[in-house]
């Protein structure tokens with residue numbers, strides 16, 4: 236394991252303590268690990284932890300941000316439900332709401348669609364793209380589905396053996412040779428029949 240040092244927005248994140256860093260970067264983890272006995276409201280309020288004082292008391296401003304975050308992910312109507320009662324798609328939206336409630340300029344999402352049916356994958360990625368545009372957020376999503384990435388990402392970085400092998404727009408990056416090398420699988424890249432984006436297909440030859 237190696238420690239990565241980096242600067243962004245003129246900030247040296249490596250020198251920050253976790254609480255300071257949490258004011259700039261919010262993370263939506265891959266595993267749905269939400270406390271089942273907590274309400275949706277309480278869970279999203281946890282996103283305000285980096286800003287709360289020693290006693291951890293939430294202000295009216297914090298509560299308004301919780302309401303706002305739930306509303307942005309269309310989840311305000313089940314704010315009082317227990318997290319343990321939620322479906323996979325609902326739980327992912329709550330994780331996203333909690334991250335939004337942190338009020339950070341950067342969001343990191345690790346495989347946010349991995350446990351979801353196609354319907355919820357599309358609706359979640361549509362929501363993420365909308366939030367990025369409306370709130371001027373920098374959003375980095377780790378995912379394996381190249382066709383979903385091509386549809387929703389402005390730029391794609393392909394990693395091979397832990398290193399970035401290529402970075403650019405979907406058209407620049409999704410090339411047959413590059414993808415075949417990254418996935419150890421021959422592929423064909425064709426134009427989407429309805430959208431001006433590439434589609435990656437396994438080579439059936």
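Residue numbers (the working numbering): 236 to 440.
Ideal placement from N, C-alpha and C gives every residue a C-beta, glycine not left out.
Just so it is clear, the structure is predicted and the values come from calculations on it, not from any experiment.
*asked:* Can you look up residue 370 in the DSSP assignment and give me helix, strand or coil?
replied: As a working mapping, residue 370 is identified with position 135 in the chain shown. Judged by DSSP in its simplified three-state form, residue 370 adopts helix.
*Would you call the stretch 364-373 and the stretch 283-296 touching, i.e. three or more CB-CB distances under 8 Å?*
Cβ pair count under 8 Å is below three, so no.
_Continuous alpha helix (DSSP H) assignments of at least 4 residues falling wholly in the stretch 301-336_ = Here the runs fully enclosed are 323-336.
*Nearest residue (CA-CA) to residue 427, options 421, 436, 277, 404*: In the chain shown, counting from the first residue as 1, residue 427 sits at position 192. It is 436.
_Simplified DSSP assignment, three categories, for residue 247_ = Within the chain shown, residue 247 is the residue found at index 12, counting from 1. If DSSP states are grouped into helix, strand and coil, residue 247 belongs with the strands.
*Write down the C-beta distance between residue 339 and residue 261 rounded to the nearest angstrom, noting that I regard them as a contact closer than 8 Å.*
Position 104 of the chain shown, counted from the start, is the residue given in the question as residue 339. Position 26 of the chain shown, counted from the start, is the residue given in the question as residue 261. Between residue 339 and residue 261 the beta-carbon gap is near 4 Å, inside 8 Å, which marks them as a contact.
*Pick from 259, 303, 413, 299: whose alpha carbon is nearest that of residue 395?*
Indexing the chain shown from 1 puts residue 395 at position 160. The shortest Cα separation from residue 395 among 259, 303, 413, 299 belongs to 413.
*asked:* Considering only DSSP beta bridges, list what residue 297 is partnered with.
replied: Reading the chain shown from its first residue, position 62 is the one you call residue 297. Residue 297 is bridged by DSSP to nothing; it lacks a bridge partner.
_CB contact flag (residue 263, residue 344, <8 Å)_ = For the purposes of this step, residue 263 is taken as residue 28 along the chain shown, with counting starting at 1. For the purposes of this step, residue 344 is taken as residue 109 along the chain shown, with counting starting at 1. Yes, these two residues count as a Cβ contact at 8 Å.
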